[in-house]
Each structure stands twice: as structure tokens, then as C-alpha cells.
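One structure is given here, and the rest of the page talks about it.
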Amino acid sequence: MPTALSLLDLAPISAGQTARDSFQASVALAQSAERAGYQRVWYAEHHNMSVIASSATSVVIGHVAHHTSTIRLGAGGIMLPNHSPLVIAEQFGTLETLFPGRIDLGLGRAPGSDQVTMRALRRDHLSADTFPQDVLELQGYLAGQSVIPGVQAVPRAERPVPLYILGSSLFGAQLAARLGLPYAFASHFAPDALLQAVRVYRETFTPSGQLAEPYVIAGVNVVAADDHDEAVAQMRSAYRARTRAFISRGGVGQNFTDAEIDAFLASPGGQNLAAMTRYTAVGTPDEVREYLEDFAATAQADELITAHHAQSLPDRLRSVELTGAAMAAPAAA
Numbered sequence: 001m002p003t004a005l006s007l008l009d010l011a012p013i014s015a016g017q018t019a020r021d022s023f024q025a026s027v028a029l030a031q032s033a034e035r036a037g038y039q040r041v042w043y044a045e046h047h048n049m050s051v052i053a054s055s056a057t058s059v060v061i062g063h064v065a066h067h068t069s070t071i072r073l074g075a076g077g078i079m080l081p082n083h084s085p086l087v088i089a090e091q092f093g094t095l096e097t098l099f100p101g102r103i104d105l106g107l108g109r110a111p112g113s114d115q116v117t118m119r120a121l122r123r124d125h126l127s128a129d130t131f132p133q134d135v136l137e138l139q140g141y142l143a144g145q146s147v148i149p150g151v152q153a154v155p156r157a158e159r160p161v162p163l164y165i166l167g168s169s170l171f172g173a174q175l176a177a178r179l180g181l182p183y184a185f186a187s188h189f190a191p192d193a194l195l196q197a198v199r200v201y202r203e204t205f206t207p208s209g210q211l212a213e214p215y216v217i218a219g220v221n222v223v224a225a226d227d228h229d230e231a232v233a234q235m236r237s238a239y240r241a242r243t244r245a246f247i248s249r250g251g252v253g254q255n256f257t258d259a260e261i262d263a264f265l266a267s268p269g270g271q272n273l274a275a276m277t278r279y280t281a282v283g284t285p286d287e288v289r290e291y292l293e294d295f296a297a298t299a300q301a302d303e304l305i306t307a308h309h310a311q312s313l314p315d316r317l318r319s320v321e322l323t324g325a326a327m328a329a330p331a332a333a
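For the sequence shown, counting from 1, position 287 maps to 287 in UniProt numbering; every step adds exactly one.
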């Protein structure tokens, strides 16, 4: 069976564009992914970042769901320590009620922001310590089996929203295995612990009511184009823009030249940043398919969630389209 393919939409706000432009692009990307046979599209919760529009993640999911028909949509993820489990159960119970059978809920424990923003979210540095208990509380609300006597989440959908544990370390792997939940590893930006975390998850997995066998989703970056050199050019442009955003903490108007950015990426400090995107498929559809198949085998991944980084929307749409067609090709052969 071919590896399942999904899409991580980072909801970027490009220079000279607005958040409304980003939301329109998210609709177009989801529609393209739906046509191309992708399993799902996920959106991540980030705060106080001027270049990312998905801070109100559940609202974005609802908007895109209204403009699509069959593809699953979800959070990849909700940073649960930022929220009351009851509120998230209400939000995703509402989404599942409106769009039955199409909603996912991926959960992470990072703040999705800096320390100052974390305090503005009314979160303290100990919030992550109760993440396992918060997951169980949320799971109870979604299943109509609240662990808080006298409290229920309304509306509650006819079937529970499936939960996924997100992570980039052994903590998430161990928790997902103990709770019998699918595990999604953020290898598209935190590659170092991927293989060890997947091994721990698979070796210690305990079946649950949601999942009988371990299920791994691995993140990977993709830049696919009709021509190899064009794909490489798009990748370099995208990663230079990403580096500018990191250097300026998401600000705009920094006038670093391409040569200066390349020199930084070649420096010891820049090499650490460059290594974050170690897992990147770039090239023609055949080249991308070969890379993704090898990556899936190495990572023991049941599903790949792809982040497409081309700067322009038409190029991102083309990358999504080409990758979907390439990964479906073995099944049609």
C-alpha cells in the first residue's frame, strides 16, 4: 500500500499580503489537496507571529471546511496547555457536529509563542506539566465520559473527534504509546529525535479504544516543480525568507541580501537553523516521490504530512498537485 499523504498548511502571511490573503490561500490549498487525494490538512496554533495567520486554529478549520467537501481537517496542533480542555472539547465538538467525519484534533504541549506571549495567554511555565492529565480530561469530554463530575462539553458530536499526540521528543512518543493514540512527529523542523521517538512509540504502544495498532505520521518539507532547477530555486528562495523571519523574529522590512543570508546559513550559528529542514524533498515529481518513499521507510511512517514552502501561492499549489499525483502513481500502476 502506498504511504498516506497529508498536508500541513503553515498559513503564511507573505510580505505585502494580509491575513485575509492567507485564509484565501488556505482554502485554495485545501481544495487542491482534496482533488489530489490527500488524507487531511492540518493547521498549527501560533501566537504573536506576524507571518502566520492560524492563531485561532479552530476558526480557520471551520472556514476551510465550509469550502471543501471530503478532506479531513484538523489541528496540528492545538497547544493544549494554552487552553481549558473543556473549551477545546466544545470547539471541536462543534466542528465535528457541523462537519461530521472530517475533523481531527492534534495536541501539543509547547506554548506556540515566546515567553512574554505565553504570559499574555494566562499560561505559566508549569502549564505543560499537566499535559497528560489535560489530554485525558479532554478525551473524556469528547467521549461523553467526563472525569469532572457534573461537567460535560456541549455540543458533543455523535462520535468522538480522533486525537493525535504531536511531539518532537521522547515525551510525546511515550505518552502517545501509553494512551494508545496516533503519534505525529514534527520532523519537518525538529528532525533530530525522529528515529528514536518512533522506535520508542512502536515498541511501547498499548492498544486503546481509538487505535488497535501504532500509527505514525512524520512531517517532511516538499518543494516540487516540473523542472528540477526551478524546484531548487524555489527552495532556496523559501528558506532564505524563512531565515530572514527567524533573524528578525518574524518582523518585516529587514534588508538582508541573499548573499548575507547564505553566508549566515553557512556559519556555525546558521548551520543549526539550516539543519532544522534536514528532511526536505525537492525536485521533479519522480525525484520527490523517491525521496518521500525512502523517508517513509526510514521513519517507519504510516503517513507523511507535507509542508510545501514555495513562496508564491501558484507554486505551492503546483507543488501540492505534483506531489499528490506522484505519490498516487504506484497505486495506479
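Note that beta-carbon positions come from the ideal geometry of N, C-alpha and C, so glycine has one too.
In terms of residues, what are the limits of the beta strand (DSSP E) holding residue i?
i: Glu303; result: Glu303 to His308
i: Gly77; result: Arg72 to Met79
i: Thr18; result: Thr18 -> no beta strand (DSSP E), and no H or E assigned at all.
i: Asp129; result: Run containing Asp129: none; DSSP gives neither H nor E here.
i: Arg40; result: Arg40 to Tyr43
i: Tyr183; result: Tyr183 to Phe185
If we call anything under 8 angstroms between Cβ atoms a contact, is residue i one with residue j?
i: Ile165; j: Ala176; result: yes
i: Val41; j: Leu73; result: yes
i: Ser169; j: Ala212; result: no
i: Thr277; j: Phe189; result: yes
i: Leu105; j: Val161; result: yes
i: Pro81; j: Ile52; result: no
i: Ala89; j: Tyr141; result: yes
i: Met235; j: Val223; result: yes
i: Ala231; j: Arg289; result: no
Is residue i helix, strand or coil by DSSP?
i: Ile148; result: coil
i: Ala225; result: coil
i: Ser6; result: strand
i: Gly253; result: Reliability fails at Gly253, whose pLDDT of 44 lies under 50, so the model's placement of it is uncertain and the value that follows must be treated cautiously. Coil.
i: Asp124; result: coil
i: Ala325; result: helix
i: Asp258; result: helix
i: Pro85; result: helix
i: Tyr164; result: strand
i: Pro111; result: coil
i: Gly101; result: coil
i: Gly140; result: helix
i: Val27; result: helix
i: Val220; result: strand
What is the rounded straight-line gap between the Cα of residue i and the Cα of residue j?
i: Ala274; j: Pro111; result: 23 angstroms
i: Gln139; j: Leu163; result: 8 angstroms
i: Glu96; j: Tyr183; result: 21 angstroms
i: Glu260; j: Ala143; result: 53 angstroms
i: Ala28; j: Arg35; result: 11 angstroms
i: Ala75; j: Ile61; result: 8 angstroms
i: Met79; j: Leu7; result: 19 angstroms
i: Pro314; j: Arg119; result: 38 angstroms
i: Asp114; j: Ala329; result: 42 angstroms
i: Ser14; j: Ser22; result: 8 angstroms
i: Ala241; j: Gly150; result: 50 angstroms
i: Ser267; j: Pro191; result: 20 angstroms
i: Gly180; j: Gln210; result: 7 angstroms
i: Glu287; j: Phe295; result: 12 angstroms
i: Arg244; j: Gly270; result: 11 angstroms
i: Ala233; j: Phe205; result: 42 angstroms
i: His46; j: Asp226; result: 32 angstroms
Which residues mark the beginning and the end of the alpha helix (DSSP H) in which residue i is found?
i: Thr117; result: Gln115 to Ala120
i: Arg289; result: Pro285 to Ala299
i: Gly270; result: Pro268 to Ala275
i: Glu203; result: Leu194 to Thr204
i: Leu211; result: Where Leu211 is concerned, there is no enclosing alpha helix (DSSP H), given that its DSSP letter is neither H nor E.
i: Ser58; result: Thr57 to His66
i: residue 337; result: Nothing about residue 337 can be read from this structure; the chain reaches only from 1 to 333.
Does the beta-carbon of residue i have 16 or more other beta-carbons within 10 angstroms, so that it is buried, or is it exposed?
i: Thr280; result: buried
i: Arg159; result: exposed
i: Leu126; result: exposed
i: His308; result: buried
i: Gly253; result: At Gly253, the pLDDT of 44 sits below 50, so the modelled position is not reliable and the matter cannot be decided from this model.
i: Glu137; result: buried
i: Gly167; result: buried
i: Val147; result: exposed
i: Phe246; result: exposed
i: Ala218; result: buried
Return no unless some Cβ of chain D is closer than 8 angstroms to the Cβ of residue i.
i: Leu211; result: Within the model displayed, chain D is absent; a lone protein chain is all it includes.
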